[in-house]
Amino acid sequence: MSVPSNLLEHCFDEAVRHAAPSLGRCIDLAVASLQQEEKDQRDVAQRDRCARAWYTLLKHRQGWGPAFAQRLKAALHAGYHEGNTSSLALLSNSELLALVDESAVNESIESAKVLQNLLPEVEQALAVLDARMSSLIGLDTVHAEKNPLRPSIYVRVLRDQLIASEGDAEVRTLWMRHLAAPLGRELRSLYEQLALMLQRANVQEASYRVRLVADPQASKPPAPPKRDLLDYEFTAGGVAVEPARDAQGQTAPNADTVWLPPMADLARTAPMLDHDVMQQFLEQGGPAFEQPLDQHYYRAIERERAELAAQAALPVLDDVVLEEERSRFRGLPAVDRPVRHVSIGSQLNAQTWGEVASATERSRMLLDLKAHAQSVAQAVGLDVVRKLVNQVARDPLLLAPVREAVVALEPALLQQAMTQPRYFNEDAHPARRLVESVAQRSFRYNDEFSEEFDSFFAPVRDAFRELNTRAAKEPQAFGETLEKLRSHWRSQDEREEKVKRERLQALRHAEERQATADRIAWDLSQRPDVEGAPAFILDFIYGSWSLVLASAEMGLPDTQERLNAYRKAVSDLLWSIKKDVTLRRPAELFRIVPGLVKTLREGLDQLGKSPAETQTFFDALMRLHEPVLGLRRARVRSESGQSGPAPLEDEATVLLTLEEMAPATPEQRTPKAAAQPWLGKQEMAHAGFEDTIATDFDSLHSDFDSSNGSLDDEITFDAEQLLLSLREGAWVDLYSHGEWLRAQLIWASNRGTLFMFTSRGGRAHSMTKRVCVRLIRSRWLRPVESRPVVQAALEAVMAAGPPPVLEPVSVH
Numbered sequence: 005m006s007v008p009s010n011l012l013e014h015c016f017d018e019a020v021r022h023a024a025p026s027l028g029r030c031i032d033l034a035v036a037s038l039q040q041e042e043k044d045q046r047d048v049a050q051r052d053r054c055a056r057a058w059y060t061l062l063k064h065r066q067g068w069g070p071a072f073a074q075r076l077k078a079a080l081h082a083g084y085h086e087g088n089t090s091s092l093a094l095l096s097n098s099e100l101l102a103l104v105d106e107s108a109v110n111e112s113i114e115s116a117k118v119l120q121n122l123l124p125e126v127e128q129a130l131a132v133l134d135a136r137m138s139s140l141i142g143l144d145t146v147h148a149e150k151n152p153l154r155p156s157i158y159v160r161v162l163r164d165q166l167i168a169s170e171g172d173a174e175v176r177t178l179w180m181r182h183l184a185a186p187l188g189r190e191l192r193s194l195y196e197q198l199a200l201m202l203q204r205a206n207v208q209e210a211s212y213r214v215r216l217v218a219d220p221q222a223s224k225p226p227a228p229p230k231r232d233l234l235d236y237e238f239t240a241g242g243v244a245v246e247p248a249r250d251a252q253g254q255t256a257p258n259a260d261t262v263w264l265p266p267m268a269d270l271a272r273t274a275p276m277l278d279h280d281v282m283q284q285f286l287e288q289g290g291p292a293f294e295q296p297l298d299q300h301y302y303r304a305i306e307r308e309r310a311e312l313a314a315q316a317a318l319p320v321l322d323d324v325v326l327e328e329e330r331s332r333f334r335g336l337p338a339v340d341r342p343v344r345h346v347s348i349g350s351q352l353n354a355q356t357w358g359e360v361a362s363a364t365e366r367s368r369m370l371l372d373l374k375a376h377a378q379s380v381a382q383a384v385g386l387d388v389v390r391k392l393v394n395q396v397a398r399d400p401l402l403l404a405p406v407r408e409a410v411v412a413l414e415p416a417l418l419q420q421a422m423t424q425p426r427y428f429n430e431d432a433h434p435a436r437r438l439v440e441s442v443a444q445r446s447f448r449y450n451d452e453f454s455e456e457f458d459s460f461f462a463p464v465r466d467a468f469r470e471l472n473t474r475a476a477k478e479p480q481a482f483g484e485t486l487e488k489l490r491s492h493w494r495s496q497d498e499r500e501e502k503v504k505r506e507r508l509q510a511l512r513h514a515e516e517r518q519a520t521a522d523r524i525a526w527d528l529s530q531r532p533d534v535e536g537a538p539a540f541i542l543d544f545i546y547g548s549w550s551l552v553l554a555s556a557e558m559g560l561p562d563t564q565e566r567l568n569a570y571r572k573a574v575s576d577l578l579w580s581i582k583k584d585v586t587l588r589r590p591a592e593l594f595r596i597v598p599g600l601v602k603t604l605r606e607g608l609d610q611l612g613k614s615p616a617e618t619q620t621f622f623d624a625l626m627r628l629h630e631p632v633l634g635l636r637r638a639r640v641r642s643e644s645g646q647s648g649p650a651p652l653e654d655e656a657t658v659l660l661t662l663e664e665m666a667p668a669t670p671e672q673r674t675p676k677a678a679a680q681p682w683l684g685k686q687e688m689a690h691a692g693f694e695d696t697i698a699t700d701f702d703s704l705h706s707d708f709d710s711s712n713g714s715l716d717d718e719i720t721f722d723a724e725q726l727l728l729s730l731r732e733g734a735w736v737d738l739y740s741h742g743e744w745l746r747a748q749l750i751w752a753s754n755r756g757t758l759f760m761f762t763s764r765g766g767r768a769h770s771m772t773k774r775v776c777v778r779l780i781r782s783r784w785l786r787p788v789e790s791r792p793v794v795q796a797a798l799e800a801v802m803a804a805g806p807p808p809v810l811e812p813v814s815v816h
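Quick note: the sequence shown uses this note's numbering, first residue 5, plus one each step.
Laid out in structure tokens, this is it:
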């Protein structure tokens, strides 16, 4: 296995630090237990053995602590690096309990009994630690036997310590039996502490998440669950009904049905609200929520504060360990990194967020506000904010630093609930708009380690830190902060928009030119002189020359002279190919052809066609004129008195000329609208085509073109349909120049055949439909989901299971 991470080393260090004092407490309890057994024993020999056992155990108390810690440290590292071995010490709990053969004679059956006795004590806490520890060491599913802190390690280390100190096996057996229960309690405390530490470091549980679910058949609500971890997902099972009462304490008649949790539950730091309560509170409100809070609520606040004070004494991770976990997958491509877990229970970077980095401190701030709350609406409002913050913090669409920022802003968001308990249900509230605006802006980025993301996030971080100090005294602070951020974003957008407009101009011009060219081609096809024209002539007129005419027409009035010349060239071209006419009037053909060719080449140059692109057409046109040219040469030779045989034409040339001379078919005489706008090389470069295709995707194209099998057989989704479902403003992850960029679709042609995306700084990436489809299939272009974040969080927290099976209560 690899070298342990800093976070795992931190867990080891905490376990080792915990070892000596834990063993001391276990020994104290074991001595007391042995002394009681000594008193209860009637057999003299057994009583003497108990007396010797507790006396010797007490004598070893001081020396065993450091030695036990050192042995444990070595065992933890050995267990991690060795993985699964045949040693009894490294077997899983179930394997150890099932040990009945002689393959591990170095282990005592008493160790198995000790392990069996302590497992019930640690079972719940160990399950959570197993899940998080499996994730920490890189496993996708829970492997309890690979947890380097599993109870069997402790039992083996303890047994080795006893063997090294006592030769009498019966005394060691007494020690082990009386140390088992205290050791289980100590391990439970340690496991809870380590699981909380891993949770605060955003280590997710492998393969399953602890979920406490109420039994719908139960006759009464279950007892409130233990809050060892702040990210338990509670259902409505802990909800009870708190009826509204009149001044005489009687239940109010003729009232609407409402579900309310017990007052004490409203004091908890882990919200216990049922989704129906939240929905009615946010959308309707009502007298039930205006009830004053009672003494049960305020007493529960004090109990919560006491529990929180105990949690505050637990060690927290330093920023070095947190940064190591944050950067754990930095080497992976941005699009392939696993989503980093964040919740209201997460420990944040203290250097970045100050005192609100601590989950315990944020909970303390919540309790301070709850202690000042006077109505049920205020208490429920605080719980709603906390649930929504937690939901946004878990949203996988947002980068982890953005979600951490929302968690860090929780104290300021909570403060708003004291004056406007239902403000998160108001679209226009500045606090809600701030969270939503930051979330939407963050969709521009896909890499939390990039300089571009840092330039976006630094002002957000500074603004959120300032808000936590201003929000309590300045309600307008959220609106001012949002306007300040938007002003900063506008200055960036103005620069990018200018570049985008320049990039789009070429494509929009090309699309308009193509539409005009298609219209001109149809008009040309209605001319009577196209009858009998060869197909290659019509292809030229309907294609390239229609684009030339369209370009000149769009430049009117400045291009009127050129447009007239280009229109006349059509008439000259169609006249020049009529052999029966030109053979009778060769002199006129010789007068027209030089000017015609010159005009055609000038028009194509203006369009942006290179000579190489059109040379084939001019070669075919020359062959078409060859009979008249040959007649002219013969006449010149005759008039000059020259004699001799005329040169024979190449047979292939004659055949090709005959094929080219063939009149176009009716289908060929009908122009077809272009599948996509034509662009010249300069236009393509300016629009971002060559930057995207030539540098990054040539190898991809060749891979697709040379593949032996059908790509569609390997594709499990319709890439073309996915592409056409994208709308302007949609985000994608695009691989370009060796990195994954977050890009936005800003334009698609009317026929859906050309697409332009832009990434940071307005950099353009334009592609044909065919290229886009291939990139989607190869996962080099990945559409990214985006949606309103706050609204999605609201819908999620109100979309829980059915309400508890309790009798409704009527209130005014």
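Each residue gets a CB set at the ideal place from its N, CA and C atoms; glycine is no exception.
Under a 10 Å Cβ-count criterion, Pro-342 is classified as exposed, with fewer than 16 other Cβ atoms of the shown protein chains found around its own Cβ. Following the DSSP letters along the chain, one finds His-690 in no beta strand (DSSP E) but inside the alpha helix (DSSP H) bounded by residues 685 to 691. Shortest Cα-Cα distance from Val-320 to any of Ser-580, Leu-202, Ala-435, Ala-268 involves Leu-202. For Met-760, the enclosing beta strand (DSSP E) covers residues 758 to 763. DSSP places Asp-399 in the coil class of the three-state scheme, outside both helix and strand. Per the C-alpha coordinates, the member of Trp-179, Ala-116, Asp-134, Gly-756 positioned closest to Cys-54 is Trp-179. Between Ala-443 and Val-794, the C-beta spacing is below 9 Å. Excluding residues up to 5 positions away in sequence, Glu-365 lie with their Cβ nearer than 7 Å to the Cβ of Glu-359 in the same chain.
In the pairwise beta carbon analysis, the region 486 to 498 is classified as not touching the region 371 to 388: fewer than three pairs are separated by under 8 Å.
Leaving aside the five residues that flank Arg-764 on each side, the residues in its chain whose CB is nearer than 6 Å to its CB run, in chain order, Glu-456.
Rounded to whole angstroms, the separation of the alpha carbons of Phe-761 and Ile-750 is 6 Å.
Pairing Leu-560 with Leu-553, the inter-Cα distance amounts to about 11 Å.
Annotation: Gly-188 to Arg-51 spans about 26 Å, alpha carbon to alpha carbon. Setting aside the 5 residues that flank it on each side, Leu-166 is surrounded in the same chain by Arg-176, Trp-179, each with a C-beta closer than 6 Å to its C-beta; the list follows chain order. Rounded to the nearest whole angstrom, the CA to CA distance from Ser-441 to Gln-496 is 15 Å.
By the neighbour-count definition (other C-beta atoms within 10 Å, threshold 16), Gln-480 is an exposed residue. Each residue's CA atom was taken as its position, placing Leu-403 and Glu-452 some 7 Å apart. Under the DSSP definition of a beta bridge, Leu-785 partners with Leu-738.
Out of Gln-564, Ser-529, Phe-447, the CA that lies nearest to the CA of Val-574 is found in Ser-529.
A check of alpha carbon separations from Pro-291 across Glu-311, Leu-264, Thr-563, Val-406 identifies Leu-264 as the nearest. Only residues of its own chain outside the window of five on either side were considered, and among them Arg-465 have a CB closer than 7 Å to the CB of Thr-356, listed in chain order. DSSP places Met-276 outside both helix and strand once states are collapsed to three, so it counts as coil. Here Ser-26 has Glu-190 as same chain residues with Cβ atoms under 6 Å from its own Cβ, once five neighbours each way along the sequence are excluded.
For Gln-444, the enclosing alpha helix (DSSP H) covers residues 434 to 446. Looking at the backbone, the Cα of Ala-421 and that of Leu-386 are separated by about 6 Å.
In summary, Leu-578 is buried, with 16 or more beta-carbon neighbours lying within 10 Å of its beta-carbon over all protein chains present. If you draw a straight line from the Cα of Val-393 to the Cα of Leu-352, it comes to about 15 Å. Phe-447 sits away from Ala-412, with the two beta carbons spaced by 9 Å or more. The Cβ-Cβ distance between Phe-293 and Ala-381 falls below 9 Å. Our two residues, Trp-549 and Thr-618, have alpha carbons roughly 11 Å apart in a direct line.
Straight across, the Cα-Cα distance linking Ala-185 with Leu-122 is about 6 Å. Under the 10 Å beta carbon count, Leu-336 is surrounded by fewer than 16 other beta carbons and is classified as exposed.
In this structure, Ser-459 is the residue among Phe-594, Thr-669, Arg-512, Ser-459 with its C-alpha nearest to the C-alpha of Val-406.
Exclusion of the five residues before and after Thr-603 leaves Ala-569, Ala-573 as the residues of its chain whose Cβ lies within less than 6 Å of its Cβ. The DSSP assignment places complete alpha helix (DSSP H) segments of no fewer than 4 residues inside the region 136 to 179 at 155 to 169, in order along the chain. By the neighbour-count definition (other C-beta atoms within 10 Å, threshold 16), Ala-537 is a buried residue.
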